[in-house]
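Step one of this worksheet: look at the structure below.
Residue numbers (the UniProt record's numbering), protein chains in the order written: chain A, 1 to 356; chain B, 1 to 506.
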């Protein structure tokens with residue numbers, strides 16, 4: 001028989017090993033799934049993990065890595081801060097959408113004026129929009145004790161309805177021949193978020209993700225605020241004893257992660273996405289939750305996790321294209337990854353002992 | 001006398017602790033052998049190895065001269081080793097006979113079992129009706145059920161883990177008469193306790209453990225209780241030094257403090273008033289759950305109270321949070337070490353930041369100074385003799401006494417004007433408790449006001465200049481401790497709540 005024994009302190013080796021194990025287990029389980037669907041499992045894994053980087057079409061897909069990883073990392077940085085405090089923002093997807101709408105609205109309101117202030121104003125609007133959307137669950141929790149998990153999640157669906165309304169209504173392109181969706185911001189130079197170095201996929205959102213990584217690392221490991229956040233997550237009563245106001249922390253974490261998600265939305269709307277459409281929300285907000293956990297809520301981990309999940313996005317699209325694999329199989333794949341990472345997590349806090 | 005049990009160089013390690021190290025001793029037939037040591041000295045680990053609950057890492061054991069290494073308690077029982085635990089494992093809804101039958105490998109028919117229970121219980125002077133339901137039994141009677149369960153196996157070695165901690169003095173006398181009778185039939189008895197007097201009067205020999213090692217094996221009658229305690233603690237027991245203290249000007253004033261219970265299980269504080277002078281220790285007694293935690297929260301700033309209810313040297317702090325109060329010099333150490341006064345997962349260095357961030361200058365403009373935090377942690381460790389590999393050790397890896405020394409030391413080194421502590425020596429071994437008490441006295445001598453909230457009457461009488469009782473969220477008017485009798489204290493506590501009751505574990 002096997003038995004779990006708690007460890008005196010979390011094992012550093014396992015903390016690094018579990019994400020790797022989870023990825024391997026996902027590949028194995030995913031391979032079994034693909035085989036059951038009638039695909040060659042090795043070819044499928046290869047298409048998802050290898051071909052985007054080194055395959056024949058890698059020239060096109062490699063820049064996509066940063067394009068996809070940018071928003072994932074930016075959102076995950078904010079989420080990780082809250083998760084460390086035990087504040088569960090599950091609704092980054094909604095904050096991403098609202099941020100995108102708010103930022104795009106500023107651009108559309110200024111159209112067709114020129115001015116270098118336009119893009120910074122859009123970033124601010126995106127951040128404020130996402131923050132406002134994130135603060136709704138925070139205030140409901142502080143005032144009425146509502147679960148921020150449920151409220152933030154439900155607000156995703158509200159946000160999705162709002163994008164639909166916006167792309168059919170207020171933000172619809174007046175010159176769009178009746179098609180739903182806003183003007184394409186890539187064609188409105190002062191408001192566009194272009195590729196900064198051709199062929200790399202690097203845009204302002206990726207820069208922002210880098211800044212966010214460094215900033216959250218600094219807050220968590222060097223600033224008293226990060227200490228208070230970690231304390232609140234590890235021992236809420238000790239945090240109150242230290243002088244942390246729980247309600248303030250809830251508002252801070254949800255507001256901050258909302259702002260980062262909102263900025264991610266804006267960078268997408270002004271850059272790779274180009275416009276607000278009915279389907280503007282593409283799941284980055286949810287996938288970022290996996291990135292945060294895969295990265296053990298640590299900046300370096302989030303960087304690697306963001307790149308890996310970006311790879312599954314690109315590889316998944318490639319597999320759809322070349323192998324006619326169903327689109328949902330990639331989501332199942334990502335879901336399995338979160339499942340395995342949470343499962344293997346037990347090894348960091350417990351050791352397995354054989355009992356006679 | 002023939003030897004029944006011998007341990008040779010037994011050792012056992014847990015992550016971060018050497019629980020037992022090279023432990024050797026022997027118990028002979030007919031002998032009552034005491035295993036003496038502070039909490040955390042390694043007594044429990046040792047008996048768990050003998051009873052097959054834990055496997056030793058090294059060393060060996062012999063039972064009647066033969067190699068003995070039980071794989072589990074069943075093997076231990078089969079070999080003739082029985083154990084009575086401190087905590088009973090009985091089913092309330094079943095009868096005595098049913099409970100005993102459940103613990104046996106091959107229980108005889110009910111009628112036969114009842115007869116044997118009645119027989120054995122009268123043989124050993126343990127009156128017990130096999131058909132009574134356990135729910136109706138007292139703590140002492142429940143223990144008899146456990147003992148009978150062991151006696152029916154006719155053990156060669158009987159282990160008793162702190163058996164008198166749940167007994168009245170009269171019941172304890174009956175127990176010792178039984179043990180003596182049992183020893184007379186040739187059974188070896190291993191008796192675990194830290195009560196020195198009963199060991200001196202009832203045990204034939206004693207093996208003393210300290211930090212997992214055998215310090216000495218002695219005949220307890222030949223030594224004074226004080227000498228035994230010194231062996232147990234490892235140093236001469238210090239008597240607390242109360243000299244040279246005088247009350248100065250009032251430092252803390254609490255007036256008509258009323259506060260609703262924070263949770264449904266909490267206690268409402270009702271109209272609490274007190275005045276604390278510089279250099280004075282005020283003891284607050286009472287059974288836990290009568291508003292102790294709430295009072296500490298109201299003073300530490302975790303709970304805010306109406307304006308004008310909490311004043312430190314004339315400054316109204318009622319509406320200020322913990323950090324502002326700390327800046328002003330009002331410090332506190334909550335009862336719960338793990339998760340309230342300290343974060344178990346964090347290192348000691350990180351734990352200094354909980355209360356020392358600003359008061360010790362460990363944080364400047366929001367930036368943590370890791371070097372300063374580590375130095376402060378080292379200062380606490382040195383000044384309060386905290387036994388730990390270093391400041392990088394997780395708080396949760398420390399023993400209760402060492403962590404408590406750290407928590408109290410962190411606040412004492414914060415040079416408080418007023419320090420409020422709740423149950424400062426709860427679950428702490430005797431050596432650490434004496435050190436903590438002395439540090440509180442020293443703090444008061446230095447001119448700080450100290451409030452000690454505790455369930456331990458002896459501790460309060462030893463430390464405090466004035467005594468007040470907290471009962472159902474109300475505080476009695478404080479009275480000078482000098483000349484206060486136990487009866488008067490009983491009345492202050494509301495009569496109904498005897499302090500002794502609080503120690504009994506159900």
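Positions of the beta carbon are idealized from the N, C-alpha and C atoms, including for glycine.
Query                                                                                                                         : Result
Residue 325 (chain B) versus residue 331 (chain B): straight-line alpha-carbon distance, rounded                              : 7 Å
Short CB-CB distance (under 9 Å) between residue 374 (chain B) and chain A                                                    : no
Range covered by the alpha helix (DSSP H) that runs through residue 284 (chain B)                                             : From DSSP, residue 284 (chain B) is part of no alpha helix (DSSP H) but of the beta strand (DSSP E) over 281-285.
beta-carbon residue 192 (chain B) near the ligand ADP non-hydrogen atom, thresh 8 Å                                           : Looking for the ligand ADP in the displayed structure turns up nothing, as the structure carries no ligands at all.
Local conformation of residue 334 (chain A) per DSSP, three classes                                                           : helix
CB contact below 9 Å: residue 300 (chain B) versus chain A                                                                    : yes
Classification of residue 286 (chain A) by the beta-carbon crowding that lies within 10 angstroms, buried from 16 upward      : buried
Chain B contact for residue 18 (chain A) (CB, 9 Å cutoff)                                                                     : no
C-beta neighbour in chain A for residue 411 (chain B), strict 9 Å                                                             : no
Own chain residues within Cβ distance below 7 Å of residue 276 (chain A), not counting five before or after                   : 100, 101, 104, 163, 166, 167, 171, 181, 182 and 269
Spatial distance of residue 482 (chain B) from residue 65 (chain B) (CA atoms)                                                : 58 Å
Best match in A:32, A:28, A:66 and A:131 for proximity to residue 257 (chain A) [C-alpha to C-alpha]                          : A:131
Residue 363 (chain B) at chain A interface by Cβ criterion, 9 Å                                                               : yes
N- and C-terminal bounds of the alpha helix (DSSP H) containing residue 68 (chain A)                                          : 58-84
Closer than 8 Å at the beta carbon, the chain B residues around residue 214 (chain A)                                         : Chain B residues near residue 214 (chain A): none, gap ~15 Å exceeds 8 Å.
Any C-beta of chain A under 9 Å from that of residue 474 (chain B)                                                            : no
Residues near residue 329 (chain B) by beta carbon distance below 6 Å, same chain, minus five either side                     : 416 and 417
Residue 267 (chain A) in three-state terms, based on DSSP                                                                     : helix
Buried or exposed by the 16-neighbour rule on C-beta atoms within 10 Å, applied to residue 20 (chain A)                       : exposed
Span separating the alpha-carbon of residue 78 (chain A) from that of residue 247 (chain A)                                   : 18 Å
Chain A contact residues for residue 368 (chain B), given Cβ-Cβ distances below 8 Å                                           : 222, 223, 224 and 227
Residue 101 (chain B) classed as buried or exposed, judged by whether at least 16 other C-beta atoms fall within 10 angstroms : buried
From B:34, B:3, B:29 and B:60, residue whose alpha carbon lies closest to that of residue 23 (chain B)                        : B:60
Cβ shell of residue 282 (chain A) (< 7 Å), same chain only, five flanking positions each side left out                        : none
Under 8 Å (Cβ pairs) to chain A, residues found in the region 339-365 of chain B                                              : 339, 340, 341, 342, 343, 344, 345, 346, 350, 353, 354, 355, 357 and 363
The region 377-390 of chain B / the region 216-223 of chain B touching (three or more Cβ pairs under 8 Å)                     : no
Residue 69 (chain B) in three-state terms, based on DSSP                                                                      : coil
Partners in chain A for residue 334 (chain B), counting only beta-carbon separations shorter than 7 Å                         : 241
Within-9 Å CB hit, residue 84 (chain A) to chain D                                                                            : No chain D appears in the structure shown, which is made up of the protein chains A and B.
For residue 87 (chain A), three-class secondary structure by DSSP                                                             : coil
Contacts that residue 231 (chain A) makes with chain B (C-beta to C-beta distance below 8 Å)                                  : 343, 346 and 354
Proximity below 9 Å, CB of residue 280 (chain B) to CB of residue 466 (chain B)                                               : yes
Cβ shell of residue 42 (chain B) (< 7 Å), same chain only, five flanking positions each side left out                         : 19, 20, 209 and 212
Sequence-distant residues of its chain with Cβ nearer than 8 Å to residue 2 (chain A) (five each side left out)               : 352, 353, 354 and 355
Rounded distance between the beta-carbons of residue 274 (chain A) and residue 186 (chain A), thought under 8 Å               : 5 Å
Residue 193 (chain B), DSSP secondary structure in three states                                                               : strand
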